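These notes concern the structure reproduced below.
Below is the structure:
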């Protein structure tokens, strides 16, 4: 019988634990604060920011949203971040992606890397002390599910291993004893890899890439559909609380 992971229930239980940690921090005079910067008016980005704000309210942290016009220059945006870096009341800073099309990839990377390392709760800097929340969510879902079904996999296939979610996953899974296979949406032998994999993690954003007939009986399949899931948001807030502890 198939086991289907319930992300909403898992995230709710995680939020309850985080809320208790927030109470403890506030008793020490620390009120966790996340600042999320959104550039332009992308509907998906606006939705994600609102979901983060509501989740933050549920556990008792402050989530401030700074909205900037898409015409803002790279220098101006970096200055906004630098001011937040200096603000001791701010524990976490994140820039909502994607940025408008007028920002190049190199400009995006420059902006991300201008966030102070100790405040990079989205884990997107080239060198970050935090795991990217979506990647962290996948790792937690995998660990929880394997325990639930009492399964010890020998190998893990990550499809989309060079992407924003895949890279941190590869880095963390290399620390385990799993045999790790890496692939991308254009990998020619992808169907053959799926057929023999114990765990398949699809992090490409491509719909219907993995066919059901490829997946062997008993395998674990995790589809990273979007970064707006409840477990991802709870992992972001968990990073925020960790940043408060230094």
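Numbering (my numbering), first residue to last: 1 to 246.
Just so you know, even glycine gets a beta-carbon here, dropped at the ideal spot from N, CA and C.
Keep in mind the model is a prediction, meaning the values are calculated, not measured.
Whether residue i touches residue j by CB criterion (7 Å)
i           : j           : result
residue 245 : residue 32  : no
residue 11  : residue 188 : no
residue 158 : residue 142 : no
residue 133 : residue 9   : no
residue 65  : residue 56  : no
residue 91  : residue 243 : yes
Cβ shell of residue i (< 8 Å), same chain only, five flanking positions each side left out
i           : result
residue 26  : 60
residue 172 : 131, 135, 139
residue 154 : 178, 179, 198
Residue environment, residue i, which counts as buried when at least 16 other CB atoms sit within 10 Å
i           : result
residue 247 : Residue 247 is absent from the structure shown; the chain starts at 1 and stops at 246.
residue 152 : exposed
residue 99  : buried
residue 106 : exposed
residue 137 : buried
residue 48  : buried
residue 75  : exposed
Minimum Cβ-Cβ distance from residue i to chain D less than 7 Å
i           : result
residue 197 : Any reference to chain D falls outside this structure, which holds one protein chain only.
Bridge partners - residue i, DSSP secondary structure assignment
i           : result
residue 95  : 37
residue 220 : 199
residue 67  : 38
Nonlocal neighbours in the same chain, by C-beta distance under 7 Å from residue i, ignoring five residues either side
i           : result
residue 195 : 214, 216
residue 263 : Lying outside 1 to 246, the shown extent of the chain, residue 263 is not represented and no answer is given.
Alpha-carbon to alpha-carbon, residue j and residue i
i           : j           : result
residue 186 : residue 175 : 26 Å
residue 19  : residue 7   : 18 Å
residue 238 : residue 44  : 22 Å
residue 97  : residue 197 : 32 Å
residue 120 : residue 54  : 20 Å
residue 219 : residue 162 : 23 Å
residue 67  : residue 42  : 11 Å
Close Cβ partners of residue i (< 6 Å) along its chain, the five nearest in sequence each way excluded
i          : result
residue 77 : 111
residue 21 : 241
residue 93 : 35, 84, 115, 119
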